[in-house]
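Just add 14 to the spot in the sequence shown (first one is 1) and you have the working numbering. The beta-carbon is built from N, C-alpha and C at its ideal position, and this holds for glycine as well. For clarity, every value in this text was computed on a predicted model and none was experimentally measured. This report concerns only the one structure given below.
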Amino acid sequence: MSAAVSVRLDVDKDTGVAVVTLDRPGRLNAVDLDTVRELQRVWRELRFDDAVRAVVLTGAGGRAFSTGLDRDAVVPQPASPYMQDDPLLTVGPKANDLWKPVVAAVEGMACGGAFYLLGECEFVVAGADAVFFDPHTTYGMVSAYESVLLAQRMPYGEVARMMLMGTAERISARRAFEVGFVSELTDTGGALAAAVACAAVVAGYPPAGVQGTVRALWAAKEATRAMAFAQAPHLISLGNLPTEQQAELFAGRRGGGFRVR
């Protein structure tokens, strides 16, 4: 593969498990527009590979699963609030019509736009050093799509606190496990192996039944998600500070100053 490729795909034909790795460790696996296109390509490729029966999604480098949309990504926007373009809406497996089970393996930070991906995985395995937070409100932005996705996976009070507290707090892997967002907690560095082990078990079952179960689970929350997503563009248009003011707040950030709970 070319060094420019930002998503790595490794397939074990013996177990039927594919590992998809966000491979931009120098940018904390932030998703730029090339990464969006690579993920779309990978998810669609996996739809047609019958040798792959389960998937693990992870991030390279250990410091972060992903910190969401790359701040340097330029996404031109129409003037109308009815036609907002959000590249992360098409970054996940379900958005690309992949109904093979996807397990997330998280080490380090997962924040902001990373929840578009985690929100479309079947379950999350996390290393002990993993932390989860959402910086939107700190920088004058509405957390809309991320909030909708996590509100379907965490108790309301927990997700509301995470979204509203912004960069002042981070949820530890332990806390995420306690509230049910993380299904398995491992030692630091152990998330990928544990996620692959789970995926290998699932990949050993007849695929039609597994994929039908994934589709049924998603259908249970699909209508609510669609209705909530329909409100998101207007809320973002109304609530976001102008881009220049967001950039000023981001530029003025300081390291540390947060608590982990």
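Candidates the options, of which the one nearest residue i by Cα
i, options, result
"Gly-127", "Leu-83, Pro-107, Gly-141 and Tyr-170", "Leu-83"
"Glu-160", "Gly-180, Asp-143, Gly-141 and Ala-144", "Gly-180"
"Trp-57", "Val-224, Gly-73, Leu-103 and Ala-109", "Ala-109"
"Ala-190", "Phe-147, Gly-203 and Ala-182", "Phe-147"
"Arg-188", "Ala-214, Ala-144, Leu-231 and Ala-207", "Ala-144"
"Val-162", "Arg-61, Phe-137 and Met-177", "Met-177"
"Thr-72", "Val-66, Ala-65 and Ser-80", "Ser-80"
"Trp-113", "Gly-226, Ile-250 and Pro-256", "Gly-226"
"Thr-151", "Glu-136, Pro-39 and Cys-125", "Cys-125"
"Val-138", "Val-19, Cys-212 and Leu-263", "Cys-212"
N-terminal and C-terminal residue of the beta strand (DSSP E) that residue i is part of
i, result
"Asp-24", "21-26"
"Phe-272", "Per DSSP, Phe-272 belongs to no beta strand (DSSP E) and is neither H nor E."
"Thr-72", "68-73"
"Thr-238", "From DSSP, Thr-238 is part of no beta strand (DSSP E) but of the alpha helix (DSSP H) over 221-253."
"Cys-125", "123-125"
"Val-89", "Where Val-89 is concerned, there is no enclosing beta strand (DSSP E), given that its DSSP letter is neither H nor E."
"Leu-112", "Here Leu-112 belongs to no beta strand (DSSP E), and DSSP marks it neither H nor E."
"Ala-32", "31-36"
Distance, residue j Cα to residue i Cα
i, j, result
"Pro-149", "Val-156", "10 Å"
"Thr-104", "Pro-169", "26 Å"
"Met-15", "Leu-252", "No answer about Met-15 holds up, because its pLDDT of 40 lies below 50 and its placement is not dependable."
"Ala-17", "Thr-29", "Any reading at Ala-17 is ruled out, since the residue's pLDDT is 48, under 50, leaving its predicted position unreliable."
"Gln-166", "Ala-244", "16 Å"
"Ala-265", "Ala-158", "23 Å"
"Val-196", "Ser-94", "38 Å"
"Asp-37", "Ala-230", "31 Å"
"Asn-43", "Tyr-130", "14 Å"
"Phe-62", "Val-193", "36 Å"
"Ala-68", "Val-120", "17 Å"
"Val-66", "Trp-232", "20 Å"
"Pro-221", "Gly-269", "46 Å"
Residue i - containing alpha helix (DSSP H), residue span
i, result
"Thr-81", "From DSSP, Thr-81 is part of no alpha helix (DSSP H); its letter is neither H nor E."
"Ala-44", "Note, Ala-44: premise wrong, no alpha helix (DSSP H); not H, not E."
"Leu-263", "257-265"
"Phe-129", "128-132"
"Cys-212", "205-217"
Check whether residue i and residue j have beta carbons under 8 Å apart
i, j, result
"Val-31", "Ala-217", "yes"
"Ala-205", "Gly-154", "no"
"Val-274", "Arg-175", "no"
"Glu-134", "Gly-171", "no"
"Val-224", "Pro-115", "yes"
"Val-210", "Val-21", "no"
"Val-228", "Glu-136", "yes"
Runs of alpha helix (DSSP H) wholly within the stretch 145-201 (minimum 4 residues, chain order): 159-165, 170-179 and 187-192
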